[in-house]
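Chemist:
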Amino acid sequence: MTQESSTALKTGQMFINFGPQHPSTHGVLRIALTVEGEVVVKADPDVGYLHRGIEKLFEARNYSQGLILTDRLDYVSAMPNNLAYCLAVERLAAVQPPLRAQYLRVMVSELTRIASHLVFFGTFSVDMGAFTPFLYAFREREMILDLFEMLCGGRLLYSYIRVGGVSADCPAGWEEKCGEFITFFKPRLKDYDTLLSFNPIFKDRTANVGRISAAQALSWGLSGPNLRASGPDYDVRKAEPYCVYDKLDFTVPTGKTGSCWDRYYCRMLEMGQSAEIVLQCLDALAGTACLPAGRELPPGEIMAKGVPKILKPPAGQAYAHIEASRGDLGFYAVSDGSPTPYRMHVRGPSFLNVAILQEILAGCKIADVVAVLGSFDIVLGEVDR
Amino acid sequence: MKNYILFVSEAFWNTLKGLWVTLKVLFLPAITVQYPTEKLVPYPRFRGMLAYDAEACIACGMCVRACPSKCIALAKAMPVPQQELCSSSGQPVSPEGKRVPKIEWYTIDYGRCNFCGLCEEACPTKTKALWHSLDFEAVFSTREEMTRRWKRGDDLWGTARRSADGQFSAVADQIHIQDVPVRK
Ligand code: SF4
Ligand code: SF4
Chain A
0 MTQESSTALK TGQMFINFGP QHPSTHGVLR IALTVEGEVV VKADPDVGYL HRGIEKLFEA
60 RNYSQGLILT DRLDYVSAMP NNLAYCLAVE RLAAVQPPLR AQYLRVMVSE LTRIASHLVF
120 FGTFSVDMGA FTPFLYAFRE REMILDLFEM LCGGRLLYSY IRVGGVSADC PAGWEEKCGE
180 FITFFKPRLK DYDTLLSFNP IFKDRTANVG RISAAQALSW GLSGPNLRAS GPDYDVRKAE
240 PYCVYDKLDF TVPTGKTGSC WDRYYCRMLE MGQSAEIVLQ CLDALAGTAC LPAGRELPPG
300 EIMAKGVPKI LKPPAGQAYA HIEASRGDLG FYAVSDGSPT PYRMHVRGPS FLNVAILQEI
360 LAGCKIADVV AVLGSFDIVL GEVDR
Chain B
0 MKNYILFVSE AFWNTLKGLW VTLKVLFLPA ITVQYPTEKL VPYPRFRGML AYDAEACIAC
60 GMCVRACPSK CIALAKAMPV PQQELCSSSG QPVSPEGKRV PKIEWYTIDY GRCNFCGLCE
120 EACPTKTKAL WHSLDFEAVF STREEMTRRW KRGDDLWGTA RRSADGQFSA VADQIHIQDV
180 PVRK
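One line per chain: the protein sequences are A and B, in this order.
Numbering that gives the first Met the number 0 applies: residue 0 is where the first sequence begins, and numbers increase by one.
Numbering that gives the first Met the number 0 applies: residue 0 is where the second sequence begins, and numbers increase by one.
1) The alpha helix (DSSP H) with S166(A) in it runs from where to where?
2) Identify each residue in the region 17-33 of chain B for which the Cβ-Cβ distance to at least one residue of chain A is less than 9 Å, and report them in chain order.
3) Look at the Cβ atom of Q357(A), then the Cβ atom of D126(A), and state whether they are nearer than 8 Å.
4) Starting from L156(A), trace the alpha helix (DSSP H) in both directions and tell me its first and last residue.
5) So, at 7 Å on beta carbons, what are the nonlocal neighbours of A206(A) in its own chain, with the 5 sequence-adjacent residues on each side left out?
6) For H50(A), I'd like the list of residues in its chain whose CB is within less than 7 Å of its CB, leaving aside the five on either flank, ordered along the chain.
7) Given G209(A), which residues of its chain have a CB within under 7 Å of its CB, disregarding the five upstream and five downstream residues?
8) Just the chain B side, please: which residues come within less than 9 Å of I67(A) by C-beta, in chain order?
9) If contacts are defined as beta-carbon pairs under 8 Å, then R227(A) and C265(A) qualify, I think. What distance do you get, rounded to the angstrom?
10) Quick check: what's the CA-CA separation for M267(A) versus L73(B)?
11) Please indicate yes or no: does the CB of G60(B) lie closer than 7 Å to some heavy atom of ligand 2?
12) Determine the closest residue to T10(A) out of K304(A), T256(A) and E37(A), with distance taken between C-alpha atoms.
13) Does the Cβ of G116(B) lie closer than 7 Å to at least one heavy atom of ligand 1?
14) Compute the minimum distance between the beta carbon of A128(B) and the heavy atoms of ligand 4, and state whether it is under 7 Å.
15) Look at S132(B) and G47(B) and say whether their C-beta atoms are less than 8 Å apart.
16) Taking 7 Å as the line, does the beta carbon of S68(B) fall inside it for any heavy atom of ligand 1?
17) Report the partner residues of Y185(B) according to the DSSP bridge assignment.
18) Output the distance between the C-alpha atoms of G336(A) and G315(A), rounded to the nearest integer angstrom.
19) Under 7 Å Cβ-Cβ, which residues of chain A neighbour P41(B)?
20) If you measure beta-carbon to beta-carbon, which residues of the region 174-196 of chain A are closer than 7 Å to chain B?
21) Which of the three DSSP states, helix, strand or coil, is assigned to K38(B)?
22) Please state the DSSP three-state secondary structure of F45(B).
23) Do we get a CB-CB distance below 8 Å when we pair E9(B) with the residues of chain A?
24) Does any CB atom of chain A fall closer than 8 Å to the CB of N13(B)?
25) Rounding to the nearest angstrom, what Cα-Cα distance links G152(A) and L284(A) in this structure?
26) Determine, using beta carbons only, whether R142(B) comes closer than 8 Å to chain A.
27) Go ahead and label L155(B) buried or exposed: buried means 16 or more other beta carbons lie within 10 angstroms of its beta carbon, across all protein chains shown.
28) Measure the Cβ-Cβ separation of M78(A) and S108(A) and say whether it is below 8 Å.
29) Shortest alpha-carbon distance to E174(A) belongs to which of Q272(A), L110(A), G380(A) and R187(A)?
30) Counting only the same chain and skipping the five closest in sequence on each side, list residues whose C-beta sits under 7 Å from that of F119(A).
31) With which residues is E322(A) paired in a DSSP beta bridge?
32) With burial defined as no fewer than 16 other Cβ atoms inside 10 Å of the residue's Cβ, what is the status of G230(A): buried or exposed?
33) For T182(A), is the classification buried or exposed, using 16 other Cβ atoms within 10 angstroms of its Cβ as the cut-off for buried?
34) Which residue's Cα is closest to the Cα of M343(A): S349(A), R104(A) and S334(A)?
35) Hey, could you find the ends of the alpha helix (DSSP H) P28(B) is sitting in?
36) So, with DSSP's three-state summary, where would you put N16(A)?
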């Protein structure tokens with residue numbers, strides 16, 4: 000009958016746009032999903048909605064002005080961006096920052112890592128339907144932001160690490176406040192575990208979802224906690240130590256299965272390690288530990304001597320990469336001897352991490368798309384640049 | 000079935016453990032600040048709204064060159080003929096009778112400003128003529144208002160062009176966290 004055929008359910012594939020305005024994409028990412036019922040058949044991440052042409056903008060600014068742009072790449076953890084940029088430019092211009100500045104740099108990078116992973120912890124738990132951890136994460140993050148505000152005046156975009164050193168020494172009482180924060184923060188990690196990590200509902204939702212094998216992770220060029228969750232323990236801080244990481248004592252947590260839960264838990268463990276590193280740096284700043292024999296950190300010596308205001312590095316090229324909160328962040332600078340870079344390329348870890356989505360989302364349930372995407376902790380400012 | 004009951008009881012037990020964590024927080028003092036009735040005062044290095052003092056500025060243009068977004072523009076005061084210098088009262092004259100370059104007008108486009116602090120660092124005057132105040136409550140209701148202009152005699156917050164009649168006037172309705180911003 001005609002009526003019957005018109006109301007009959009049709010089966011077939013359906014096309015869904017996930018994003019770009021979906022709150023769970025943490026920015027403006029579009030994933031073009033082809034679904035068959037509940038199952039994703041094909042997923043195509045579509046990037047570029049936040050493209051600002053930052054790499055080109057570098058070419059119109061001198062080296063000290065270019066630093067301001069690096070904050071705008073990964074705005075959730077801006078300090079490592081400053082650091083990677085400064086390391087590349089310092090390599091280009093052969094500048095050696097003083098030791099005290101190096102300790103400060105490491106310390107703020109690790110504090111940023113904690114702050115950034117806290118944002119991940121909060122937003123990932125909201126994605127998974129738990130709201131309370133979000134509030135706790137932002138309570139702790141606020142303390143770190145206060146520390147940064149005291150140190151350099153910025154709460155989100157710092158421009159603190161400069162070519163040749165850092166912009167300011169710590170103000171009076173900063174080190175004590177930092178120590179207090181770490182003392183407060185370390186027991187909180189146990190709370191997070193109770194609230195979320197080992198909650199069976201949360202584990203059911205994330206363990207065995209979006210699994211990435213070690214071989215897959217390596218071949219797609221993942222880095223950071225996303226790579227380490229699958230097994231390989233590649234960490235730039237260990238593989239190619241920069242600043243003073245070779246003098247510090249820390250471990251690199253790895254996962255086993257590469258599932259969403261492993262990626263999540265890797266970050267939780269990393270926060271604990273970062274807290275240890277901050278403590279060691281505090282000791283070094285106070286002049287008690289992990290310094291080469293006979294060296295002290297003179298207070299106030301935070302800038303390399305003789306760095307001109309308008310830097311003109313000799314013609315050449317330099318690449319420097321660091322372990323940022325989201326993975327292996329690199330800056331490639333080419334100079335032609337003028338005050339502005341000839342070319343500046345950014346290797347953003349989020350951009351490479353987002354590419355693997357097309358492979359692992361296929362076969363997932365629709366509800367797991369949010370879990371997988373959230374577990375990668377991408378920042379679109381860095382994906383699109 | 001047995002597994003299901005096990006899972007439910009485990010989930011229930013873990014929820015209780017989670018509730019215990021939240022219960023402990025219940026008796027701690029609240030960390031929420033009831034903005035706008037309560038306000039936090041930022042730390043002294045905070046990079047808030049830029050304040051500018053036309054009396055201290057020597058119109059050297061260092062800030063213009065330092066700014067990565069080219070948001071600052073200025074014009075030096077026109078040179079004054081020598082004879083007028085001695086007689087007129089309003090012109091800035093240094094003790095030796097040499098004319099000090101002073102500002103005619105000075106504008107900052109906050110629509111492009113990064114609040115990065117490079118201009119303040121570049122300013123060579125001893126008491127900075129341009130500095131980041133602690134004010135974090137700047138609100139702009141039109142695009143024109145985002146460009147602030149200072150002339151000699153204006154206050155630290157400058158004037159903005161009203162779209163209605165095109166006149167420059169002090170910015171109304173702007174709340175400031177502190178009446179006198181810290182000067183570094
Ligand atoms: S704060 Fe930065 S962007 Fe704003 S006017 Fe000063 S130098 Fe320019
Ligand atoms: S504000 Fe400072 S840097 Fe800018 S023109 Fe005036 S004196 Fe020079």
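Quick reminder that beta carbons are idealized off the backbone N, C-alpha and C, glycines included.
Given the structure is predicted, the values throughout are model-derived calculations rather than measurements.
Modeler: Judging by the given coordinates:
1) As a working note, residue 166(A) is residue 167 in the first sequence. Counting along the chain, S166(A) falls outside any alpha helix (DSSP H), and DSSP gives it neither H nor E.
2) Listed in sequence order: G17, W19, V20, T21, K23, V24 and I30.
3) Walking along the first sequence from the start, residue 357(A) turns up at place 358. Walking along the first sequence from the start, residue 126(A) turns up at place 127. No Cβ-Cβ contact shorter than 8 Å links Q357(A) with D126(A).
4) Taking the first residue of the first sequence as position 1, residue 156(A) is located at position 157. Bounds of any alpha helix (DSSP H) do not take in L156(A), whose DSSP letter is neither H nor E.
5) Start at 1 with the first residue of the first sequence, and residue 206(A) comes out as number 207. Counting only Cβ-Cβ distances below 7 Å, and skipping sequence neighbours, we find S258 and W260.
6) If you number the first sequence from 1, residue 50(A) lands on position 51. Around H50(A): D383 and R384.
7) Locating residue 209(A) in the first sequence gives position 210, counting from the first residue. S258, C259, I359, C363, D367, A370, V371 and S374, listed in sequence order.
8) For the purposes of this step, residue 67(A) is taken as the residue at position 68 of the first sequence. Against I67(A), the close residues of chain B are P67, S68, N113, C115 and L117, in the order they occur along the chain (beta-carbon pairs closer than 9 Å).
9) Position 228 of the first sequence, counted from the start, is the residue given in the question as residue 227(A). Position 266 of the first sequence, counted from the start, is the residue given in the question as residue 265(A). The C-beta separation of R227(A) from C265(A) comes to about 5 Å, placing the pair in contact by the 8 Å criterion.
10) Walking along the first sequence from the start, residue 267(A) turns up at place 268. Walking along the second sequence from the start, residue 73(B) turns up at place 74. About 51 Å.
11) Along the second sequence, read from residue 1 onward, the residue named residue 60(B) stands at position 61. Proximity of the beta carbon of G60(B) to ligand 2 is indicated: a heavy atom of the ligand is located closer than 7 Å.
12) Your numbering for residue 10(A) matches position 11 in the first sequence. Ranked by Cα distance from T10(A), the options K304(A), T256(A) and E37(A) are led by E37(A).
13) Position 117 of the second sequence holds residue 116(B). Yes, the Cβ of G116(B) comes within 7 Å of a heavy atom of ligand 1.
14) Absence of ligand 4 is noted for the structure shown, with ligand 1 and ligand 2 being the only ligands found.
15) By one-based count along the second sequence, residue 132(B) stands at place 133. By one-based count along the second sequence, residue 47(B) stands at place 48. Cβ distance < 8 Å, so S132(B) and G47(B) count as in contact.
16) The residue labelled residue 68(B) in the question sits at position 69 within the second sequence. Correct: S68(B) has its Cβ closer than 7 Å to ligand 1.
17) Limits of chain B in this structure are 0 at one end and 183 at the other, which puts residue 185(B) out of reach.
18) To locate residue 336(A), count along the first sequence from 1; it is residue 337. To locate residue 315(A), count along the first sequence from 1; it is residue 316. Those two C-alpha atoms are separated by around 8 Å.
19) Working through the second sequence from its first residue, we reach residue 41(B) at position 42. E148, listed in chain order.
20) From the region 174-196 of chain A, only D190, T193 and L194 have a Cβ closer than 7 Å to chain B.
21) On the second sequence, residue 38(B) is found 39 positions in, with the first residue counted as 1. Three-state result, K38(B): coil.
22) Taking the first residue of the second sequence as position 1, residue 45(B) is located at position 46. Reduced to three states, the DSSP call for F45(B) is coil.
23) Residue numbering aside, residue 9(B) sits at position 10 when the second sequence is read from its first letter. Yes, because at least one Cβ of chain A sits closer than 8 Å to the Cβ of E9(B).
24) On the second sequence, residue 13(B) is found 14 positions in, with the first residue counted as 1. N13(B) has a beta carbon lying within less than 8 Å of a beta carbon in chain A.
25) Working through the first sequence from its first residue, we reach residue 152(A) at position 153. Working through the first sequence from its first residue, we reach residue 284(A) at position 285. Each residue's CA atom was taken as its position, placing G152(A) and L284(A) some 21 Å apart.
26) Within the second sequence, the letter at position 143 stands for residue 142(B). It does not: the Cβ of R142(B) has no partner Cβ on chain A nearer than 8 Å.
27) Taking the second sequence and counting its residues from 1, the one referred to as residue 155(B) is at position 156. The Cβ neighbour count for L155(B), taken over all protein chains shown within 10 Å, is at least 16; the residue is labelled buried.
28) Looking up residue 78(A) in the first sequence gives position 79. Looking up residue 108(A) in the first sequence gives position 109. Yes, they are a contact pair.
29) Looking up residue 174(A) in the first sequence gives position 175. Minimum Cα-Cα distance from E174(A) among the listed residues Q272(A), L110(A), G380(A) and R187(A) corresponds to L110(A).
30) Along the first sequence, read from residue 1 onward, the residue named residue 119(A) stands at position 120. Exclusion of the five residues before and after F119(A) leaves R266 and D376 as the residues of its chain whose Cβ lies within less than 7 Å of its Cβ.
31) Here residue 322(A) refers to the residue found at position 323 when the first sequence is read from its first residue. D327(A).
32) Residue mapping note: residue 230(A) aligns to position 231 of the first sequence, counting from 1. Per the 10 Å Cβ criterion, buried.
33) Residue mapping note: residue 182(A) aligns to position 183 of the first sequence, counting from 1. Classification of T182(A): exposed, given that the 10 Å Cβ count is below 16.
34) Numbered from its first residue, the first sequence carries residue 343(A) at position 344. For M343(A), the closest of S349(A), R104(A) and S334(A) by C-alpha to C-alpha distance is S334(A).
35) The residue labelled residue 28(B) in the question sits at position 29 within the second sequence. From DSSP, P28(B) is part of no alpha helix (DSSP H); its letter is neither H nor E.
36) Position 17 of the first sequence holds residue 16(A). In the structure shown, N16(A) sits in a strand (DSSP, three-state: E or B).
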